[in-house]
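Going by our numbering, the sequence shown opens with residue 27, and the numbers climb by one from there.
Below is one structure, written out as C-alpha cells, with a few remarks after it.
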Amino acid sequence: MGKPRKETGRERIIIARFLRFSDRERVLKCGRKLKETGYKMYEDLLKEIHEMRKLQMEKLKNARKDGKRAYFSRSEPDKLSDIIFLQETYSTPDVFDSWKFQWLGDMYYSHGSNHSKGVLVLIRETLQFELKSVKKDSQGRFVIVEALVQDSPVLLINIYAPNNTHDAVDFYENLRTTLLESDYDQDYRFIMGVKQKKKDVVTKIRELMLDFNLVDIWRLRNPDKKRYTWKQNKPLVQRRLDY
27 MGKPRKETGR ERIIIARFLR FSDRERVLKC GRKLKETGYK MYEDLLKEIH
77 EMRKLQMEKL KNARKDGKRA YFSRSEPDKL SDIIFLQETY STPDVFDSWK
127 FQWLGDMYYS HGSNHSKGVL VLIRETLQFE LKSVKKDSQG RFVIVEALVQ
177 DSPVLLINIY APNNTHDAVD FYENLRTTLL ESDYDQDYRF IMGVKQKKKD
227 VVTKIRELML DFNLVDIWRL RNPDKKRYTW KQNKPLVQRR LDY
C-alpha cells in the first residue's frame, strides 16, 4: 500500500507489473509475512495467450472424454503449445507409429499398455530444442528428457505415479535414485508433470522436491486460487491431483 490519501486518509492501492519472474516471487514471499496489509497477485498474460490457453484446454478436455488417441486425430496438429505433457496415454508401439505422422515435432515416451499407464512429452517442431539424453522406465511411469530449450538447460520430467501407497513410495524413491545417479553436468531448471492420487506419499514427493529444488509452479503463481482436476459428485469430493 502507498501513503494515505490526504482527502480520505485511506491508503492508496499500488498496482505493479513485474518484468522479471524472480522479482515477483520476492515480493510474493515478503507479502506472505504481512498480516495487516492486503495484497493480491494476478496473472499478467496477453489476450492472445489467454485465447490460446482456452483453445488448448478445450482440446485436452475432448481428448480426456474421447481417449488420448483423439488428441492426435484432429484435422491439424496442435500449434498452441511448445511443450505438452500427457499421462495415461494407453500407448503401445503399434499406435505410436501412427502418432508420429500426426505430430509435427519430437515425441518422448514410456509405453504402458492399451488400457493403462503411459506417459508422453511432445515438443513442437518450431521450438528451439536440442536433445541431450532421454531416460525412461519400462512400465509407462516416467520419462526424463534432458535438453537445451532456447539455449537454457532444462530437465522435462513427466510422471504417472502408482495408486497403491506402497508402490508409490517405492516409485518416488527409485525416481530420486535415478535423478541422483544421472550424470548431469549443469544446474538445470526442472519442469515436472505429476499425476498422483494418494496423500500418503506426500512425504516422498516433498523429499524429492527439496532434493532437487522443485516447486509447484501453478500454486506459486496462483497462491489464492482454487482449481480442481478431479471431482466426485456423491459424496462431493474435489481435488487437484495433477502437479
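Using N, Cα and C, we set each Cβ at its ideal position, and we do this for glycine too.
Bear in mind that the values here come from a model prediction, so they are computed numbers and not experimental data.
Give the DSSP bridge partners of R150, in chain order.
Answer is G131.
Tell me P179's beta-bridge partners as DSSP assigns them.
Answer by DSSP bridge pairing, in chain order: L174.
Alpha carbon to alpha carbon, how far is I149 from K126?
Roughly 12 Å separates the two Cα atoms.
Are the CB atoms of G166 and S117 within a distance shorter than 9 Å?
For S117 and G166, yes; Cβs fall inside 9 Å.
Please state whether DSSP places V169 in a helix, a strand or coil.
Here V169 sits in strand by DSSP.
Report the rounded CA-to-CA distance for N51 versus N259, giving the unit in angstroms.
The displayed chain sequence assigns Glu, not Asn, to residue 51. One C-alpha to the other measures close to 36 Å.
Quick one: using the 10 Å Cβ neighbour count with 16 as the cut-off for buried, is V228 buried or exposed?
With fewer than 16 other Cβ atoms within 10 Å, it is exposed.
Kindly list the residues whose CB is nearer than 7 Å to the CB of P119, restricted to its own chain and excluding five residues on each side of it in sequence; keep chain order.
Result list for P119: H137, in chain order.
Taking E282 as part of the alpha helix (DSSP H), name the residues at either end of that continuous run.
With the chain represented from 27 up to 269, any question about residue 282 goes unanswered, as that position is not in the structure.
Can the beta-carbon of L146 be found closer than 9 Å to that of F111?
Taking 9 Å as the Cβ cut-off, L146 and F111 qualify as a contacting pair.
Any beta carbon from chain C within less than 9 Å of P119's own beta carbon?
Considering every chain present, this structure includes no chain C. It has just one protein chain.
Mind checking which residues open and close the beta strand (DSSP E) that includes I110?
Unbroken beta strand (DSSP E) run through I110: I109 to Q113.
Do you know offhand how far I217's Cα is from L181's?
Confidence in I217 is poor, its pLDDT being 48 and thus under 50, which makes the residue's placement unreliable; the coordinate value appears in the next sentence. Going from the Cα of I217 to the Cα of L181 covers about 6 Å.
Given L205, which residues of its chain have a CB within under 6 Å of its CB, disregarding the five upstream and five downstream residues?
Counting only Cβ-Cβ distances below 6 Å, and skipping sequence neighbours, we find nothing.
Just the Cα atoms here: how many angstroms apart are Q128 and E199?
In a straight line, the C-alpha of Q128 is about 36 Å away from that of E199.
Report, in whole angstroms, the separation of the C-beta atoms of D108 and L153, which I expect to be a contact under 8 Å.
That belief holds up - the Cβ atoms of D108 and L153 are roughly 4 Å apart, short of 8 Å.
Where does I185 sit, in a helix, a strand or coil, going by DSSP?
It is a strand residue.
Looking only at C-alpha atoms, which of I183, F44 and M235 sits nearest to V160?
It is I183.
For S124, name the three-state secondary structure that DSSP assigns.
S124: helix per DSSP, three-state reduction.
Give every residue of the same chain whose Cβ lies closer than 8 Å to the Cβ of H141, excluding the five residues on either side of it in the sequence, and list them in chain order.
Result list for H141: Y116, in chain order.
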